[in-house]
Amino acid sequence: MPLALLALAIGAFGIGTTEFVIMGLLPQVAGGYGVSIPTAGYLVTGYALGVMFGAPLMTVLGTKVSRKRMLMALMGLFIVGNLLSALAPAFAVMLIGRIVASLAHGAFFGIGSVVAAELVAPDKKAGAISMMFTGLTVANVVGVPLGTLIGQSVGWRVTFAIVAALGVIGLAGIARLVPDMPKPEGVRLRHELAAFKNVQVLLAMAMTVLGFGGVFAAITYIAPMMTHVTGFADGSVTWLLVLFGLGMVGGNLLGGKFADRALMPMLYVSLGALAVVLALFTLTAHDKPLSAVTIVLIGALGFATVPPLQKRVLDQAHGAPTLASAVNIGAFNLGNALSAWLGGLVIAAGFGYTAPNWVGAALAAGALLLAFLSAALERRAGVPSTVVTGAASAEQRTAVHH
Numbered sequence: 032m033p034l035a036l037l038a039l040a041i042g043a044f045g046i047g048t049t050e051f052v053i054m055g056l057l058p059q060v061a062g063g064y065g066v067s068i069p070t071a072g073y074l075v076t077g078y079a080l081g082v083m084f085g086a087p088l089m090t091v092l093g094t095k096v097s098r099k100r101m102l103m104a105l106m107g108l109f110i111v112g113n114l115l116s117a118l119a120p121a122f123a124v125m126l127i128g129r130i131v132a133s134l135a136h137g138a139f140f141g142i143g144s145v146v147a148a149e150l151v152a153p154d155k156k157a158g159a160i161s162m163m164f165t166g167l168t169v170a171n172v173v174g175v176p177l178g179t180l181i182g183q184s185v186g187w188r189v190t191f192a193i194v195a196a197l198g199v200i201g202l203a204g205i206a207r208l209v210p211d212m213p214k215p216e217g218v219r220l221r222h223e224l225a226a227f228k229n230v231q232v233l234l235a236m237a238m239t240v241l242g243f244g245g246v247f248a249a250i251t252y253i254a255p256m257m258t259h260v261t262g263f264a265d266g267s268v269t270w271l272l273v274l275f276g277l278g279m280v281g282g283n284l285l286g287g288k289f290a291d292r293a294l295m296p297m298l299y300v301s302l303g304a305l306a307v308v309l310a311l312f313t314l315t316a317h318d319k320p321l322s323a324v325t326i327v328l329i330g331a332l333g334f335a336t337v338p339p340l341q342k343r344v345l346d347q348a349h350g351a352p353t354l355a356s357a358v359n360i361g362a363f364n365l366g367n368a369l370s371a372w373l374g375g376l377v378i379a380a381g382f383g384y385t386a387p388n389w390v391g392a393a394l395a396a397g398a399l400l401l402a403f404l405s406a407a408l409e410r411r412a413g414v415p416s417t418v419v420t421g422a423a424s425a426e427q428r429t430a431v432h433h
């Protein structure tokens with residue numbers, strides 16, 4: 032595998048770290064700015080909305096320049112955003128920094144996947160793409176817990192400064208190791224937009240929003256929940272996030288394995304189980320061993336939905352999947368934003384730090400109902416659930432790795 036993939040993996044590691052590390056640092060950031068925990072939750076919401084709008088926008092803009100230059104520009108945005116977060120004198124400035132950093136997220140993974148595939152022989156494309164996304168996976172097992180530990184020990188500003196430094200390393204690696212590639216052919220935006228007239232595409236994206244939102248309703252407020260309700264020390268949040276990351280890795284692998292075999296049944300099982308586990312978390316959050324097990328299950332079940340949901344979008348938008356795929360990455364983050372906002376509302380209303388778990392359970396249950404509706408409409412139309420054209424199959428394999 033070429034060294035250029037290492038540069039892409041470093042960039043993915045930094046992006047994954049900055050997206051998720053804020054969950055473990057919400058109490059510290061809130062205390063530093065003198066704002067409430069629900070208000071600090073807007074740092075999650077703002078980042079997620081930035082990804083949602085930035086993914087399609089940056090993907091379209093990326094067709095105007097070479098892929099290498101676009102990747103370098105995206106890493107530049109990432110660095111600026113994290114430096115701004117690290118140095119922000121006021122909460123509003125930090126929120127702006129989070130949004131700036133988020134604009135790089137979706138397009139980096141979309142364009143980076145294409146670059147990774149073009150760096151190797153045809154029979155090694157999937158392995159190359161997987162290697163790049165390894166950076167994102169490792170971020171949730173190593174980067175996020177380590178960043179949380181550093182933030183709790185020496186200050187959350189140091190965490191974001193280190194993440195910005197990772198961005199500099201990634202940028203230097205891309206500049207040095209990624210070869211120049213020709214500017215991609217012009218995108219026929221009209222054809223790409225036509226995919227959104229398909230009700231099945233919209234239903235799949237709605238499932239993405241609600242299903243993944245269920246996970247983040249609980250995980251966004253994991254730090255105050257575990258310290259105030261369960262009784263864990265602040266330092267224990269780091270290891271709880273490691274457990275969440277390990278569950279996420281296992282769930283993602285299982286979701287990828289079964290997405291091609293039985294996509295809709297995989298969604299039924301994972302979304303249904305996720306709704307049940309999130310509802311139970313309101314009870315298990317009062318017990319340390321049970322809460323730790325529940326966190327692993329939330330990570331596993333939540334991320335088991337990622338490959339089938341992404342593949343579902345590509346199956347249904349098979350004629351023009353590029354923009355739909357980018358928008359679906361944004362849909363995952365819309366779910367993050369929605370759930371963080373709703374979770375903050377129920378906490379602010381006085382229902383306690385476990386209340387977001389009920390929000391998450393309701394969102395996951397809503398996604399399950401949409402999955403049943405989507406399958407019913409498909410059966411009525413007499414269309415197989417996984418019809419994939421040859422032109423889209425490569426992009427589907429790419430998305431499943433994410």
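Numbers in the working numbering are just positions in the sequence shown, counted from 1, shifted up by 31. Even glycine gets a Cβ: it sits at the ideal position worked out from N, Cα and C. Everything numeric in this text was worked out from a predicted model, so none of it was measured.
Report yes if the CB atom of isoleucine 329 is closer than 8 Å to the CB atom of phenylalanine 275, and no otherwise. Locating residue 329 in the sequence shown gives position 298, where the first residue counts as 1. Locating residue 275 in the sequence shown gives position 244, where the first residue counts as 1. Yes, Cβ-Cβ distance for isoleucine 329 and phenylalanine 275 is below 8 Å.
Pick helix, strand or coil for threonine 190, following the three-state DSSP scheme. Sequence index remark: in the sequence shown, residue 190 carries index 159 (1-based). Correct three-state label for threonine 190: helix.
Of the listed residues Ser322, Ile378, Gly391, Ala206, nearest to leucine 309 (C-alpha basis): The sequence position of residue 309 within the sequence shown is 278, counting from 1. Checking every option, the nearest Cα to that of leucine 309 belongs to Gly391.
Suppose you measure from the CA of phenylalanine 109 to the CA of asparagine 229; what does that come to, to the nearest Å? Reading the sequence shown from its first residue, position 78 is the one you call residue 109. Reading the sequence shown from its first residue, position 198 is the one you call residue 229. The straight-line gap from Cα to Cα measures roughly 34 Å.
Alpha carbon to alpha carbon, what distance is there between glycine 245 and leucine 399? Along the sequence shown, one-based indexing puts residue 399 at 368. Along the sequence shown, one-based indexing puts residue 245 at 214. For leucine 399 and glycine 245, the distance between alpha carbons rounds to 11 Å.
Between the alpha carbons of valine 146 and alanine 35, how many angstroms are there, rounded? On the sequence shown, residue 146 is found 115 positions in, with the first residue counted as 1. On the sequence shown, residue 35 is found 4 positions in, with the first residue counted as 1. Valine 146 and alanine 35 have their C-alpha atoms spaced approximately 9 Å apart.
Every unbroken alpha helix (DSSP H) within the stretch 321 to 354, with a cutoff of 4 residues, ordered by chain: List check, alpha helix (DSSP H) in window: 337 to 347.
Would you report the Cα separation of threonine 313 and alanine 132, rounded to the nearest angstrom? The residue you call residue 313 lines up with position 282 of the sequence shown. The residue you call residue 132 lines up with position 101 of the sequence shown. C-alpha separation (whole angstroms): 33 Å.
Sequence-distant residues of the same chain with beta carbon closer than 8 Å to threonine 269, five excluded per side: Mapped onto the sequence shown, residue 269 falls at position 238. Cβ neighbours of threonine 269 beyond the five flanking positions: Gly55, Pro176, Leu177, Thr179, Leu180, Gln183.
Hey, how far is the Cα of leucine 39 from the Cα of leucine 102? By one-based count along the sequence shown, residue 39 stands at place 8. By one-based count along the sequence shown, residue 102 stands at place 71. Per the coordinates, the alpha-carbon of leucine 39 lies some 9 Å from the alpha-carbon of leucine 102.
DSSP on glycine 77, reduced to helix/strand/coil? For this step, residue 77 is matched to residue 46 along the sequence shown. Three-state result, glycine 77: helix.
Quick one: residues in its chain with C-beta nearer than 8 Å to the C-beta of threonine 48, no 5 flanking neighbours on either side, listed in chain order? Within the sequence shown, numbered from 1, the residue matching residue 48 stands at position 17. The residues are Ala170, Gly174, Val175, Gly178, Val194, Leu197.
Among Ala323, Gly374, Lys288, Leu369, which residue has its Cα nearest to the Cα of valine 337? Taking the sequence shown and counting its residues from 1, the one referred to as residue 337 is at position 306. Nearest option by C-alpha distance: Lys288.
Extent of the continuous alpha helix (DSSP H) run through histidine 136: As a position in the sequence shown, residue 136 is number 105, starting the count at 1. Membership of histidine 136 in the alpha helix (DSSP H) is indicated by the continuous run 136 to 149.
Thinking leucine 134 and glycine 81 are a contact (beta carbons under 8 Å), I'd like their distance in whole angstroms, please. Locating residue 134 in the sequence shown gives position 103, counting from the first residue. Locating residue 81 in the sequence shown gives position 50, counting from the first residue. Confirmed, about 5 Å.
Exposed unless 16 or more other CB atoms sit within 10 angstroms - verdict on proline 87: On the sequence shown, residue 87 is found 56 positions in, with the first residue counted as 1. Label assigned to proline 87: buried.
Ignore the nearest five residues each way along the sequence and tell me which others in alanine 425's own chain have a CB closer than 6 Å to its CB. Position 394 of the sequence shown holds residue 425. Caution applies to alanine 425, whose pLDDT of 41 falls short of 50 and renders its modelled position unreliable; the model cannot decide the point.
Nearest to glycine 121 by CA position, among Leu105, Val273, Ala71, Met89, is which residue? The residue labelled residue 121 in the question sits at position 90 within the sequence shown. Just to set this straight, residue 121 is alanine in the shown sequence, not glycine. Measuring C-alpha to C-alpha distances from alanine 121 to each of Leu105, Val273, Ala71, Met89 identifies Ala71 as the nearest.
If we call anything under 8 Å between Cβ atoms a contact, is alanine 368 one with isoleucine 378? The count along the sequence shown starts at 1 and reaches residue 368 at position 337. The count along the sequence shown starts at 1 and reaches residue 378 at position 347. No, the Cβ-Cβ distance between alanine 368 and isoleucine 378 is not below 8 Å.
Let me check understanding here. Comparing Cα to Cα, which of Val185, Met236, Ala380 lies closest to glycine 63? The count along the sequence shown starts at 1 and reaches residue 63 at position 32. Restricting attention to Val185, Met236, Ala380, the CA atom closest to the CA of glycine 63 is found in Val185.
Below 7 Å CB to CB, which residues in the same chain sit around valine 66 once its five sequence neighbours on both sides are set aside? The sequence position of residue 66 within the sequence shown is 35, counting from 1. Taken in chain order, the residues that qualify are Phe122.
State the CB to CB distance for the pair tryptophan 187 and valine 60, rounded to an integer number of angstroms; the pair is presumed to be in contact (CB under 8 Å). Looking up residue 187 in the sequence shown gives position 156. Looking up residue 60 in the sequence shown gives position 29. That belief holds up - the Cβ atoms of tryptophan 187 and valine 60 are roughly 6 Å apart, short of 8 Å.
In angstroms, rounded to a whole number, what distance separates the CA positions of glycine 141 and phenylalanine 243? Looking up residue 141 in the sequence shown gives position 110. Looking up residue 243 in the sequence shown gives position 212. So the two alpha carbons sit approximately 19 Å from each other.
Can you list, in chain order, the residues of its chain with a C-beta nearer than 6 Å to that of isoleucine 130? Leave out the 5 residues immediately preceding and following it. Position 99 of the sequence shown, counted from the first residue, corresponds to residue 130. Cβ neighbours of isoleucine 130 beyond the five flanking positions: Gly77, Gly81.
Taking the CB atoms as reference points, tell me whether alanine 406 and methionine 295 lie closer together than 8 Å. As a first step, residue 406 must be located in the sequence shown, where it is residue number 375. As a first step, residue 295 must be located in the sequence shown, where it is residue number 264. Yes, the pair counts as a contact, with Cβ atoms nearer than the cut-off.
DSSP on arginine 292, reduced to helix/strand/coil? The sequence position of residue 292 within the sequence shown is 261, counting from 1. Arginine 292: coil per DSSP, three-state reduction.
Relative to the alpha-carbon of glycine 143, which residue among Pro210, Gly286, Ala331 has its alpha-carbon at the smallest distance? Looking up residue 143 in the sequence shown gives position 112. Of the candidates Pro210, Gly286, Ala331, the one whose C-alpha sits nearest the C-alpha of glycine 143 is Pro210.
Chain-order list of residues whose beta-carbon lies under 6 Å from that of alanine 396 (same chain, five-residue window excluded): As a first step, residue 396 is located in the sequence shown; it is residue number 365 there, counting from the start. Within its own chain, the residues whose Cβ lies closer than 6 Å to the Cβ of alanine 396, once the five positions on either side in sequence are excluded, are Ala306, listed in chain order.
Does arginine 493 pass the burial test, meaning 16 or more other C-beta atoms within 10 Å, or should it be called exposed? For the chain, the structure presents residues 32 to 433; residue 493 sits outside this window and is missing.
Grouping DSSP H, G and I as helix and E and B as strand, with all else coil, what is phenylalanine 51? For the purposes of this step, residue 51 is identified with residue 20 of the sequence shown, where counting begins at 1. DSSP, reduced to helix, strand and coil, places phenylalanine 51 within a helical segment of the structure shown.
Contacts around proline 320, its chain only, beta-carbon distance under 6 Å, and the 5 residues preceding and following it disregarded: Walking along the sequence shown from the start, residue 320 turns up at place 289. The answer is none, since no qualifying residue turns up.
Other residues of its chain near alanine 304: CB distance less than 6 Å, five sequence neighbours each side excluded: What you label residue 304 is simply residue 273 of the sequence shown in a count that begins at 1. Cβ neighbours of alanine 304 beyond the five flanking positions: Leu332.
Would you check if the distance between the CB atom of phenylalanine 263 and the CB atom of leucine 272 is smaller than 8 Å? Position 232 of the sequence shown, counting from 1, holds the residue named residue 263. Position 241 of the sequence shown, counting from 1, holds the residue named residue 272. No.
Cβ-Cβ separation, alanine 371 to phenylalanine 247 (assumed contact under 8 Å), whole Å: Working through the sequence shown from its first residue, we reach residue 247 at position 216. Working through the sequence shown from its first residue, we reach residue 371 at position 340. Correct: roughly 6 Å between the Cβ atoms.
So is phenylalanine 334 buried or exposed if we call it buried at 16+ other beta carbons inside 10 Å? By 1-based counting over the sequence shown, the position of residue 334 is 303. Classification for phenylalanine 334: buried.
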